[in-house]
Every structure is written in structure tokens, then in C-alpha cells.
Amino acid sequence: MRVLLKSEELLMFCLGLYLFSLLDYSWWWFVGLILAPDIGMLGYLMGNRIGAIGYNTFHHKGLAIAIYFLGIYLSLPLCQLIGIILFSHASMDRIFGYGLKYNKGFKYTHLGEIGKANE
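In terms of this note's numbering, the sequence shown opens at residue 1445 and continues consecutively.
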């Protein structure tokens, strides 16, 4: 199942790359911004609950898609870029096993505990 989920995320990351290619931005924008959503981790400086809320906000694919479509509707390429970066970053994180966080702490995700051996 893990391989299936990771391959699905890889295909979604490729979708993000394709959608980015439709925008009129240089590729260095994608490379330079792909880690920007990790700013949501700063919430962990204020505790696990705030950290999980911040992290999950910046890694929620539904929110990323909504931002992207809002950019299409309003003809705002910057808004589309933000949606693509959020979506692609969330997919990239999930390829590496970083899922949405529970309030218990950073290592507790919807994909399982980070660092725990595969069973």
C-alpha cells in the first residue's frame, strides 16, 4: 500500500510541475519556492496544537486547489502559482512520509508516525 500511495503522490507532484509549466514564470521560481510552505512549521514554536494547525494549513491540498482555481477565476497568475506550490509541496512531503499532523506532536501524522519502521 505504501508504494501505491507514494506513486499516487508522485503523479500529483508531476501534475503540479505540468500546471506550473503552463504559467509564464521561470523554472527557478518553482525551485526557489517549493520549500516555502514549510514556514507553517514555525507554529510549533508556540506548541503542538498551534504547530499542527499551521502546518496543516500550509499542507492542505484542498486549500491549495481552491487557491489555484481562485487564481484561474480571477485571472491572477500569482494566485495560481501559490496554489501550485502548495499542492506540489504537499505531494512532495507525502512522498517522503510527511503527512498532515495530529496535535500530539510533529512526528504524528495521518500517514503514521515519522521515523517508525515500516511494518
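Glycine residues also receive a C-beta, built at the ideal position from the N, C-alpha and C atoms.
Report the CB separation of residue i from residue j in whole angstroms; it is logged as a contact under 8 Å.
i, j, result
"GLY1491", "ILE1511", "The Cβ separation is near 27 Å, so there is no contact."
"ILE1558", "GLU1453", "About 15 Å separates the two Cβ atoms, so there is no contact after all."
"GLY1541", "LEU1555", "6 Å"
"MET1536", "PHE1457", "6 Å"
Mark residue i as exposed unless 16 or more other C-beta atoms lie within 10 angstroms of its C-beta, in which case mark it buried.
i, result
"ASN1572", "Only positions 1445 to 1563 of the chain appear in this structure, which leaves residue 1572 out of reach."
"LYS1545", "buried"
"ILE1529", "buried"
"SER1451", "exposed"
"GLY1506", "exposed"
"ALA1534", "buried"
"ALA1508", "buried"
"ARG1496", "The sequence as given places Ala at residue 1496; Arg does not occur at that position. Per the 10 Å Cβ criterion, buried."
"GLU1563", "At GLU1563, the pLDDT of 46 sits below 50, so the modelled position is not reliable; the number obtained from the coordinates is stated separately. Classification of GLU1563: exposed, given that the 10 Å Cβ count is below 16."
"SER1532", "buried"
"LEU1455", "exposed"
"TYR1517", "exposed"
"GLY1476", "exposed"
With distances taken Cα to Cα, identify the nearest neighbour of residue i among the options.
i, options, result
"LEU1525", "GLY1549, SER1465 and LEU1455", "SER1465"
"LEU1522", "TYR1469, PHE1550, LEU1449 and LEU1461", "TYR1469"
"GLY1487", "GLY1498, LEU1477 and GLY1549", "GLY1498"
With respect to the alpha helix (DSSP H) encompassing residue i, which residues constitute its N-terminal and C-terminal limits?
i, result
"LEU1530", "1521 to 1539"
"GLY1549", "Where GLY1549 is concerned, there is no enclosing alpha helix (DSSP H), given that its DSSP letter is neither H nor E."
"GLY1506", "1505 to 1517"
"ALA1480", "Where ALA1480 is concerned, there is no enclosing alpha helix (DSSP H), given that its DSSP letter is neither H nor E."
"TYR1462", "1446 to 1465"
"TYR1499", "1492 to 1502"
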